[in-house]
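K.L.:
My questions all concern the structure below.
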Amino acid sequence: MTAVAETSARATGHRFSRNGHEIQLEVFAVDGGPSLGHVLVFGEPADGCLVRIHSRCLYGEALGSQDCDCGPELRKSLDLIQEAGAGVLVYLEQEGRGEGLIAKALGYRKAEHTGVDTFTAYRELGFSADARSYAHAAKSLRTLGLTKVRLLTNNPDKVEALRAADIDVVPEPLHTPPLSERAAAYLEAKRRHRGHWIPPRDPAEPILATAWAGDDEVAATSR
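To get this note's numbering, take the position in the sequence shown, counting from 1, and add 1.
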């Protein structure tokens, strides 16, 4: 194991600025090693703090894709943690629901050409509809000494993984407006295929399209 991988969270402590506010941030590798992800500790979290377990999404987070809710969920989670003054982000290297970026692209292409949702597309391509695991995230939270958390999630699998590790979980659904009709369809597919706690969309609800441009976001509402 490298020296960086062995570095303690306390040794990485530094100030982190976002939205005009500063908060103390410490970072350590997730249980199992940095190839699986990292734990970002904001402030001085204690039992009952906010926690977000988040899987990497290059499209939604870095490329500004409007086809999913990953970017908005991550930003909203960080907003809530900053407002609370403390919390934990477990950022997992589980791109493409654990199947990787190439599988993700293949799934999008299959869905685009056949009209099926990406969960069905994955299965038809021979991938798991969702290959992610949250056991390492749960162990990492226990390493922090946390036995009770408020989990920012719509995904019951994350709640079950933490409870299996003897962590008392209060789920706090994380609803964000869809950025496009494709994003709205994806939210519906997550609700239907994976049992996510996402209410059925009101057809009259407007689509909130947000164009990401570095530090600035330009929002426009359309129907």
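The beta carbon of each residue, even a glycine, is placed where N, CA and C say it ideally should be.
Given the structure is predicted, the values throughout are model-derived calculations rather than measurements.
1. Starting from D70, trace the alpha helix (DSSP H) both ways and give me its first and last residue.
2. Where DSSP assigns a beta bridge to H22, which residues make up the other side?
3. With a Cβ-Cβ cutoff of 8 angstroms, do V28 and I54 count as a contact?
4. Using three-state DSSP, classify R124 as helix, strand or coil.
5. Given a threshold of 16 other Cβ atoms within 10 Å of its Cβ, counted over all protein chains shown, does G34 qualify as buried or as exposed?
6. What residue does the beta strand (DSSP E) around R151 start on, and which one ends it?
7. Leaving out the 5 sequence neighbours to the left and right, which residues in its chain are closer than 6 angstroms to L93 when beta-carbon positions are compared?
8. CA-CA distance, K191 and L163?
9. Below 8 angstroms, can you find three or more Cβ-Cβ pairs linking the segment 105 to 120 to the segment 10 to 20?
10. Thinking C-alpha only, which one of A166, G108, Q25 is nearest L126?
11. DSSP state of H55, grouped into three classes?
12. In this structure, what does DSSP give as the bridge partners for A1?
13. Flag this pair as touching only if the segment 171 to 185 and the segment 63 to 74 have three or more C-beta atom pairs under 8 angstroms; answer yes or no.
14. So, are the CB atoms of R193 and V171 less than 8 angstroms apart?
15. Quick one: grab the DSSP three-state call for E45.
16. Spell out the partners DSSP gives E173 in its beta bridges.
17. Check for me: the alpha helix (DSSP H) holding L102 runs from which residue to which?
18. Please return the same chain residues whose Cβ sits closer than 8 angstroms to the Cβ of A166, not counting the five positions on each side in sequence.
19. According to DSSP, which residues form a beta bridge with L180?
20. Sort D169, L51, S66 by Cα distance to Y187 and report the nearest one.
21. For Y230, write down the residues that DSSP places opposite it in a beta bridge.
22. Have a look at F43, L147, I199 and flag the residue whose alpha-carbon is nearest the alpha-carbon of G88.
23. Provide the residue span of the alpha helix (DSSP H) that contains L142, from first to last.
P.N.:
Taking the definition as stated:
1. Segment: none, D70 is in no alpha helix (DSSP H) and carries neither H nor E.
2. Beta-bridge pairing by DSSP links H22 to R19.
3. In this structure, the beta-carbon distance from V28 to I54 does not fall below 8 angstroms.
4. The DSSP-derived three-state label of R124 is helix.
5. Exposed, by the Cβ-count rule.
6. Element bounds for R151: 149 to 153.
7. Around L93: G38, S56.
8. Their Cα atoms are separated by approximately 20 angstroms.
9. Because the criterion of three Cβ pairs below 8 angstroms is not met, the segment 105 to 120 and the segment 10 to 20 do not touch.
10. Considering only alpha carbons, the answer is G108.
11. If DSSP states are grouped into helix, strand and coil, H55 belongs with the strands.
12. Here the chain covers residues 2 to 224 and nothing more, so residue 1 does not appear.
13. Verdict: yes, contact present.
14. No, they are not a contact pair.
15. In this structure, E45 counts as coil in the three-state DSSP scheme.
16. Answer is L153.
17. In the DSSP annotation of this structure, the continuous segment of the alpha helix (DSSP H) that includes L102 starts and ends at 102 to 115.
18. Correct list, in chain order: A136, A139, K140, L142, R143.
19. None; L180 has no bridge partner.
20. Residue S66 is the option with its Cα nearest to Y187.
21. The first residue shown for the chain is 2 and the last is 224, placing residue 230 beyond what the model contains.
22. Among F43, L147, I199, the Cα nearest to that of G88 is on F43.
23. First-last of the alpha helix (DSSP H) with L142: 136 to 144.
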